[in-house]
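Below is one structure, written out as structure tokens; comments come after it.
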């Protein structure tokens, strides 16, 4: 059954934009030119008639990405479907957090912007249509797996309206479920998918743990934000990093990710983020060749589609705000 | 000023002139110092301006990079959850006898860890710009206040130098002449009276 999904992914892959095309799009001088260049691609129909603002494009690209994964979810065997659902939860969490922040500050998203897909656990409309933060939160914690937020934390989140704690809890749930579902995938694919997910998890935690070093945030706040799961870096090491001010100590503790850490310390988070994504992309290229007829190839396709969505979004925002081409190019994951 | 041609008044007038000349010298020194200080500040100001401009350029490019990566929504959500207000106290400061206002940041809005990793990088950058902007504002205001004071001091020095002191010197000269004439007149009168009295006594 999973072979069928893998074969479909090979077929779907040809709809992904090439690196050259992304580069060509990034060199556009205006969104009008960007649209012109997109007309001979998969997105031609989707962008017809949309307003020439980056947010409208971002919604189209995001929805197309969600639909691509949703389609795979529909044809996948249970273990792969569960993995895809758990992977897509990070986007679902982004939307949930975004909606809850809006509730806290009294702004509301227009209904038609909310994607409703099978691959998402929640019908996001339920959250988005609530008037208050409390109501939306009550809806959220009724649905699995978000009902796994502990009673104590629920109380604290509601009492302090703490987005910090909520985000940390949602990320914990996301990574726990994702790592569990990876273990249910065929053995041959597990290691490489685990490695990519593990890098993402560790780097997210490292950026949180180094908040004191980078921005002087208080360690107790950092402790609350830390995701209590790790891949290569023990949680204890991350705790030690919360208070350290010495570069060499950081480098020593995080030797597993030396290159990323050097960029993080020298050039900042944005550069480190791009570098990490590019590193992941390179690891995925290995999948394309070595795991061409394996479940890992589905993951490769999903990640490539995600990178395409992120790169296209970067392009529209960059072009709209007249970002120099060389700087915009630095932001692209698929192009180096 | 009412001029009375007496020796007492002449002495008083001389004292007053000397006082004004001392004040003139002091004000001249103050003016020179103010010019020197102003020159230094203008040099420093152009350096700070260049620094701030550079910070803005770097931050703008960085902002665009993050903006293009995370999108408008994420950034506006991050700004919406920023807590606290920017509280600034204006304090007086004396530079070369010139009272100039200075700013002290008492409280900054707290972005905390609630900001997504990439957005907080821009927030940090913008906080640096805020600090640099305050430094620039303080400098610009001090230059403006010192310039105003310099204008005022220069005007006084010029009035003293070109009008008041020459006029007083002239008045002093005339007054000295009158007093001297009066003294001679008084001396001659005394001598004549003495001669008359001596003649009457038959001496």
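Protein chains in written order, with my numbering: chain A, 4 to 339; chain B, 87 to 289. Backbone N, C-alpha and C fix where the C-beta goes; we use that ideal spot for every residue, glycine too.
According to DSSP, residue 180(B) sits in a beta bridge with which residue or residues?
185(B)
Please say whether residue 151(A) and residue 176(A) have beta carbons closer to each other than 9 Å?
Their beta carbons are under 9 Å apart, which means residue 176(A) touches residue 151(A) by this criterion.
Does DSSP put residue 49(A) in a helix, in a strand, or in coil?
coil
Measure from the alpha carbon of residue 172(A) to the alpha carbon of each residue in 230(A), 218(A), 124(A), 164(A), then state which is nearest.
230(A)
Step through the CB atoms of chain B and report whether any lies within less than 9 Å of the CB of residue 13(A).
Chain B, which has no Cβ nearer than 9 Å to the Cβ of residue 13(A), makes this no.
Residues of chain B with CB under 8 Å from residue 133(A), in chain order?
Within chain B, no residue comes near residue 133(A); the closest Cβ sits about 17 Å away, beyond 8 Å.
Which residue's Cα is closest to the Cα of residue 270(A): 217(A), 307(A), 338(A)?
217(A)
Just verifying my parser: in three-state terms, what is the DSSP assignment at residue 298(A)?
coil
Pull up the distance between the alpha-carbon of residue 189(A) and that of residue 304(A), whole angstroms please.
Cα to Cα, residue 189(A) sits roughly 17 Å from residue 304(A).
Taking residue 205(A) and residue 235(A) to be in contact with their CB atoms under 8 Å, please state how far apart those CB atoms are, rounded to whole angstroms.
6 Å
For the region 144-173 of chain A, which segments carrying the alpha helix (DSSP H) assignment without a break, of at least 4 residues, lie completely within its bounds, in sequence order?
154-163
Run the CB neighbour count on residue 104(B), radius 10 Å, all protein chains shown included, and call it buried at 16 or more, exposed below.
exposed
Starting from residue 201(A) and walking both ways along the alpha helix (DSSP H), at which residues does that stretch end?
190-212
With burial defined as no fewer than 16 other Cβ atoms inside 10 Å of the residue's Cβ, what is the status of residue 146(A): buried or exposed?
exposed
Taking 9 Å as the CB-CB cut-off, is residue 319(A) touching chain B?
yes
Anything in chain A within Cβ reach of residue 249(B), meaning under 7 Å, just list it in chain order.
Neighbours of residue 249(B) on chain A: none; closest Cβ ~60 Å, over 7 Å.
Do residue 320(A) and residue 32(A) have their beta-carbon atoms positioned less than 9 Å apart in this structure?
no
From which residue to which residue does the alpha helix (DSSP H) around residue 237(A) run?
Counting along the chain, residue 237(A) falls outside any alpha helix (DSSP H), and DSSP gives it neither H nor E.
Going by beta-carbon coordinates alone, are residue 216(B) and residue 194(B) separated by less than 9 Å?
yes
If the cut-off is 8 Å on Cβ atoms, which residues from the region 149-179 of chain B count as contacting chain A, listed in chain order?
150, 151, 152, 153, 154, 155, 157, 158, 159, 160, 163, 166, 167
So for residue 326(A), helix, strand or coil by DSSP?
coil
Given a limit of 9 Å on CB to CB distance, which residues of the region 13-36 of chain A reach chain B?
none
When you compare the CB positions of residue 220(B) and residue 191(B), do they come within less than 9 Å of one another, or not?
yes
Using a Cβ-Cβ cutoff of less than 7 Å, which residues in the same chain neighbour residue 202(B) once the five nearest sequence positions on both sides are dropped?
156, 160, 164
Is it the case that the region 95-107 of chain A contacts the region 70-78 of chain A, given that we only count it when at least three CB pairs across the two stretches are under 8 Å?
no
Does the region 282-301 of chain A come close enough to the region 120-140 of chain B that 3 or more CB-CB pairs lie under 8 Å?
no
Report yes or no: is there a C-beta of chain A within less than 9 Å of the C-beta of residue 141(B)?
no
Where does the unbroken alpha helix (DSSP H) through residue 121(A) begin, and where does it stop?
No alpha helix (DSSP H) contains residue 121(A), which DSSP labels as neither H nor E.
Within 10 Å of its beta-carbon, does residue 276(B) have 16 or more other beta-carbons around it, so buried, or fewer, so exposed?
exposed
Is there contact between the region 91-106 of chain B and the region 147-156 of chain B, where contact requires at least three CB pairs shorter than 8 Å?
no
Can you look up residue 114(A) in the DSSP assignment and give me helix, strand or coil?
Here residue 114(A) scores only 49 on pLDDT, less than 50, and its place in the model should not be relied on; the value that follows carries that caveat. DSSP places residue 114(A) within a helical segment (H, G or I) once states are collapsed to three.
For residue 274(B), name the three-state secondary structure that DSSP assigns.
DSSP places residue 274(B) within a helical segment (H, G or I) once states are collapsed to three.
Determine the direct distance from the alpha carbon of residue 123(A) to that of residue 144(A), and round the result to whole angstroms.
15 Å
Thinking residue 95(A) and residue 125(A) are a contact (beta carbons under 8 Å), I'd like their distance in whole angstroms, please.
7 Å
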